[in-house]
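Chains as they are written, first to last, in this note's numbering: chain A, 1 to 514; chain B, 1 to 514. We put the CB at the ideal spot given by N, CA and C, even for glycine. Since the structure comes first, as structure tokens, the remarks are kept for the end.
Protein chains: 2
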Amino acid sequence: MSNIRHALNVKREEDFAKWYQEVISAADLAEESGVRGCMVIKPWGYGIWERIQRLMDDRIKQAGVQNTYFPIFIPLANFEREAAHVEGFAKEMAVVTHHRLIADGKGGLIPDPEAKLEEPLVVRPTSETIIGDAMSRWVQSWRDLPLMLNQWANVVRWEMRTRMFLRTSEFLWQEGHTAHATREDALEETHRALEMYRACVEEDLALPVIAGEKPENERFPGADETWSIEAMMQDGKALQAGTSHYLGTNFAQAANIQYQDREGTQQHCHTTSWGTSTRLVGGLVMTHGDDDGLRVPPRVAPHQVIILPILRDKPEDDALLAYCEDLRAGLAKHQALGEPVRVLLDKMPGKASAKRWDWVRKGAPIILEVGPRDMENGKVAAIRRDTLWNTESGKLATEFVSRDVFVSGIGQLLEDIQDSLFREASDRRDANITRGVTEWKDVVQFYKSNGKYPGWVEVQWSKPTGSALEKVVEQLKAEKLTIRNVPRGSEPADGVCIFTGEKAVERILVARAY
Amino acid sequence: MSNIRHALNVKREEDFAKWYQEVISAADLAEESGVRGCMVIKPWGYGIWERIQRLMDDRIKQAGVQNTYFPIFIPLANFEREAAHVEGFAKEMAVVTHHRLIADGKGGLIPDPEAKLEEPLVVRPTSETIIGDAMSRWVQSWRDLPLMLNQWANVVRWEMRTRMFLRTSEFLWQEGHTAHATREDALEETHRALEMYRACVEEDLALPVIAGEKPENERFPGADETWSIEAMMQDGKALQAGTSHYLGTNFAQAANIQYQDREGTQQHCHTTSWGTSTRLVGGLVMTHGDDDGLRVPPRVAPHQVIILPILRDKPEDDALLAYCEDLRAGLAKHQALGEPVRVLLDKMPGKASAKRWDWVRKGAPIILEVGPRDMENGKVAAIRRDTLWNTESGKLATEFVSRDVFVSGIGQLLEDIQDSLFREASDRRDANITRGVTEWKDVVQFYKSNGKYPGWVEVQWSKPTGSALEKVVEQLKAEKLTIRNVPRGSEPADGVCIFTGEKAVERILVARAY
Ligand SMILES: [Zn+2]
Ligand SMILES: [Zn+2]
């Protein structure tokens, strides 16, 4: 709406990448650290991540998976196994070579040449191999299976071009690693983890996703099957929001994870791994953000309701603060979405209107302003972040409600906001998946002519492999496209392959991606 | 008791250090990782740490401190500030010098010489300086104060001699860093954090501690005051279980953390920092462990009640499992110590008696064995881990209780166990602090003749400084002794200094320490 004065300088339609950076900073989520490729996650951003962690962790524990902690350093030998099969192996990783710093005699510091490690250590890019080593020690018999482990940790992958939350040299994640007696058990776990991700990301983060299997070329190296959940960002690009891998016995063979079965025979385990990361916070921004900043779904909002007393630096402030504290306590007694309502009474100094806009940009689901007159009338001025503007008047859609009505309705209100953010995102997602395109030239045309943010296309293909698949990947790459996944439970194929002209065997989603 | 056959091979009285290692392994807490100085924290050990984290984090948030995340890598420049004041600066730290691994052409891998970092990075030994940098950006005016941040993170300090949980190259901790407008505010925060640690460690971990100020020689470098909580281990040694520092304006000056006060004048902030770590798990072992393994206080036990069905691989097992599941659900509906009871129905295959001893060694507070006959009679066989043996008969003090009575009493029972572990530890602590020693030769004699685990001695001193203090420290060191702290709220001094013969000004605790 042109008569609305939005809180951000950059609009989504103008420059999505620049808008993204502005939200990260305006919502106080994170900032550059001065250390190459690493970010500082600020309290509001970290609070969102903590909420995601807690909700995901509950689901992980619910499934009987156990949390553990493995060392940050991985010996070179663990990578040599992998490198043995790769010609011209080269990987971007942070390598520790010394264990002491000394003065260089010129006012600076240097790694002490006397303290060079005999064998360098790598800062973990993933814990796959070191956890595999432990599994080979911990699994002896069928009685030890399934062994289901998870770790919340920081990992490092040296990145040249970084983007906050989406691609940083250091990031935070969880990595699940499980070992099973049979293929069936391991596949069941692969799908359980995928479904857990779908449920957490859709229900908690309100990001609609499409769960499906990745094509061969997008598989995790060494995986027999890779599954993903894919979310659509507001610029129509796909964000892989979580992956779950069935590794067959490949990793068990490399790491020697064996068990004695009931008949006394040594068998290799079937293993899985699955992960999600702080990337999800980036997905949250690109899905729920608007031209006023972020909108945080209530389930993952560190604070769901902000109470802003309109203070005047006068003796009357005390009564107003007492009234607000009482309101806070009343709200905190209520439940919303299965947990006590999280309310913050913001008493920091500063003008109420400036603070209001801070919370709008941060995306707190509900902002309550309370002035002396509201207190007298037993009212609150409530702003719903998901429906911020009265589009007719171009003003904030503030609602003046009786305090009692507001307090008793808080559970329902937060549920409504959670639902409406999910619905808005899934409506947009559905409207931006184009089906029934049967000619490659129409795909090309679609991405050429369909505006700035064209969305995804569903096509049918013959699932080529080897060099035929490589050709397809090149063809897509020329248009900056990738195959996202083969959606779980999609309609059977009934046409011909858009790439090869052969009989199609399944439907795939094609998109530009982060 | 000599007629009891304990579960461990080594007894505490025989070899405390060896006993400690056996508990770590028998209770399945952690193991060596194969990576120098780093341990793998196994599910039961990590579960205890997660409980400590959650309870501590609740207290941290309660105080209005905000969690954040800062990069694992710290630029050399941050240490150069510190090194500038230190002659012959040399610090054990993990130094990252390269960002790529490549094949060496001989089947091995090496850091790519082409990928040498222009400036090496240090893996954080603490985040003091990088958080200080952020504070200098985030604090502008008195309105931004107090700024209270905390971080849960892994840190690395290269250690030559390591001991699980007590001293490892990598460990997990939380570090609080706060900035305030005035000395008074910062001191108040220093004491709030100390009191928070005391409460968490005493109430949640059931470790009695003595809170007090450290003498000058034990202060954190750069601190104006360092406070600690000290716990007594069963070998009479002290374990520093948490510290809280008042840093004056020293760090604010080094990191340029300034604010404009209400009058418009630029002022340096007064800062604090405070930390606790996975060391607490080591303290838990050395305080509550016994000759049968660990005893975990209910508040920090990942599972408080273990249900062990006595299965026979027969069709009747199904009914027994259903009965146990019902029992589990019944217990889980109850509250203990302010939270829902955490119950595990252990269905893993294996002999019930072997599994019982596993849980005894792990230290689950209550183990319930349920066989077909118990089911028929509506009973459970309950083992309380804190009072495991009937010392007269030398047998397990198993109690046969009606299921209903057990279920309805679970809250009280767990509370009793929590209290009794704390009482046992504080009685032992109190019995092993010797007061009234006024001559140095008696201190020396005390540690020579008072058995293997002599405990602590309280003495009076004149609080010497500078070289006089150094002399005292040397004198203590010769006996392997250290000053732990000046206990908060102890009696005023009324004698002469045991070291200098001058008039004493305060009482200090002297002990051997971890
Ligand atoms: Zn499948
Ligand atoms: Zn003080």
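Best match in the options for proximity to residue i [C-alpha to C-alpha]
i: A/Trp-142; options: A/Gly-105, A/Ile-130 and A/Ala-181; result: A/Ala-181
i: A/Gly-363; options: A/Leu-413, A/Val-405 and A/His-288; result: A/His-288
i: A/Glu-92; options: A/Glu-32, A/Leu-29, A/Glu-170 and A/His-98; result: A/Glu-170
i: B/Met-164; options: B/Trp-461, B/Gln-21 and B/Arg-385; result: B/Gln-21
i: B/Asp-291; options: B/Lys-11, B/Ile-4, B/Asn-3 and B/Arg-5; result: B/Lys-11
i: B/Val-380; options: B/Asp-386, B/Ile-410, B/Gly-371 and B/Leu-388; result: B/Gly-371
i: A/Arg-361; options: A/Pro-309, A/Val-405, A/Ile-60 and A/Leu-294; result: A/Leu-294
i: A/Asp-386; options: A/Arg-428, A/Tyr-447 and A/Pro-298; result: A/Pro-298
i: B/Asn-67; options: B/Glu-175, B/His-6, B/Glu-202 and B/Glu-118; result: B/Glu-175
i: A/Phe-499; options: A/Ala-493, A/Asn-485, A/Lys-471 and A/Gly-489; result: A/Lys-471
i: A/Val-35; options: B/Gln-151, B/Asp-133 and B/Glu-114; result: B/Asp-133
Own chain residues within Cβ distance below 6 Å of residue i, not counting five before or after
i: A/Leu-239; result: Ala-231, Met-233, Gly-283 and Tyr-514
i: A/Ile-74; result: Val-122, Arg-124 and Ile-130
Coarse secondary structure for residue i, derived from DSSP in three states
i: A/Gly-293; result: strand
i: B/Glu-439; result: coil
i: A/Gln-174; result: strand
i: A/Ser-462; result: coil
i: A/Gly-489; result: coil
i: B/Glu-225; result: strand
i: A/Trp-158; result: coil
i: B/Phe-89; result: coil
i: A/Lys-448; result: helix
i: A/Leu-337; result: coil
i: B/Lys-214; result: coil
i: B/Val-505; result: coil
i: A/Gly-248; result: coil
i: B/Met-1; result: The pLDDT assigned to B/Met-1 is 48, lower than 50, so where the model puts this residue is not dependable; a value taken from the coordinates is nonetheless given after this. Coil at B/Met-1, not helix or strand.
i: B/Ala-84; result: coil
i: B/Asn-9; result: coil
Nearest-angstrom beta carbon gap, residue j and residue i [assumed within contact, 8 Å]
i: A/Ala-329; j: A/Pro-340; result: Between A/Pro-340 and A/Ala-329 the Cβ distance is about 11 Å, and since that is not below 8 Å, they are no contact.
i: B/Arg-512; j: B/Lys-480; result: 6 Å
i: B/Arg-219; j: B/Val-209; result: Going by Cβ atoms, the distance from B/Arg-219 to B/Val-209 rounds to 19 Å, so no, they are not a contact pair.
i: A/Thr-278; j: A/Trp-173; result: 7 Å
i: B/Ala-382; j: B/Leu-368; result: 6 Å
i: B/Val-510; j: B/Ile-483; result: 6 Å
i: B/Ser-136; j: B/Phe-70; result: 14 Å between Cβ atoms; not a contact.
i: B/Ile-257; j: B/His-268; result: 7 Å
i: B/Pro-111; j: A/Thr-438; result: Not really, about 51 Å apart at Cβ, beyond 8 Å.
Proximity test, Cβ basis, 9 Å: residue i and chain A
i: B/Ser-33; result: yes
i: B/His-180; result: no
i: B/Ile-531; result: No answer is possible for residue 531 of chain B: it lies beyond the span of chain B, which begins at 1 and ends at 514.
i: B/Glu-170; result: yes
i: B/Trp-158; result: yes
i: B/Thr-162; result: no
i: B/Thr-68; result: yes
i: B/His-177; result: no
i: B/Arg-36; result: yes
Short CB-CB distance (under 9 Å) between residue i and chain B
i: A/Ile-41; result: yes
i: A/Gln-335; result: no
i: A/Phe-400; result: no
i: A/Cys-269; result: no
i: A/Asn-154; result: yes
i: A/Met-1; result: Its pLDDT being 48, under 50, A/Met-1 is placed unreliably in this model, and the coordinates cannot settle the point.
i: A/Pro-487; result: no
i: A/Tyr-46; result: yes
i: A/Leu-166; result: no
i: A/Pro-120; result: yes
Same chain only: Cβ atoms within 8 Å of residue i, ignoring 5 sequence neighbours per side
i: A/Ile-48; result: Leu-29, Val-281, Leu-284, Val-296, Val-300, Ala-301 and Pro-302
i: A/Gly-264; result: none
Cut-off 7 Å between Cβ atoms - residues of its own chain near residue i, not counting five sequence neighbours on either side
i: B/Ala-103; result: Leu-109
Heavy atom of ligand 4 within 8 Å of residue i beta-carbon
i: B/Gly-64; result: By its list of ligands, the structure shown excludes ligand 4, since it contains just ligand 1 and ligand 2.
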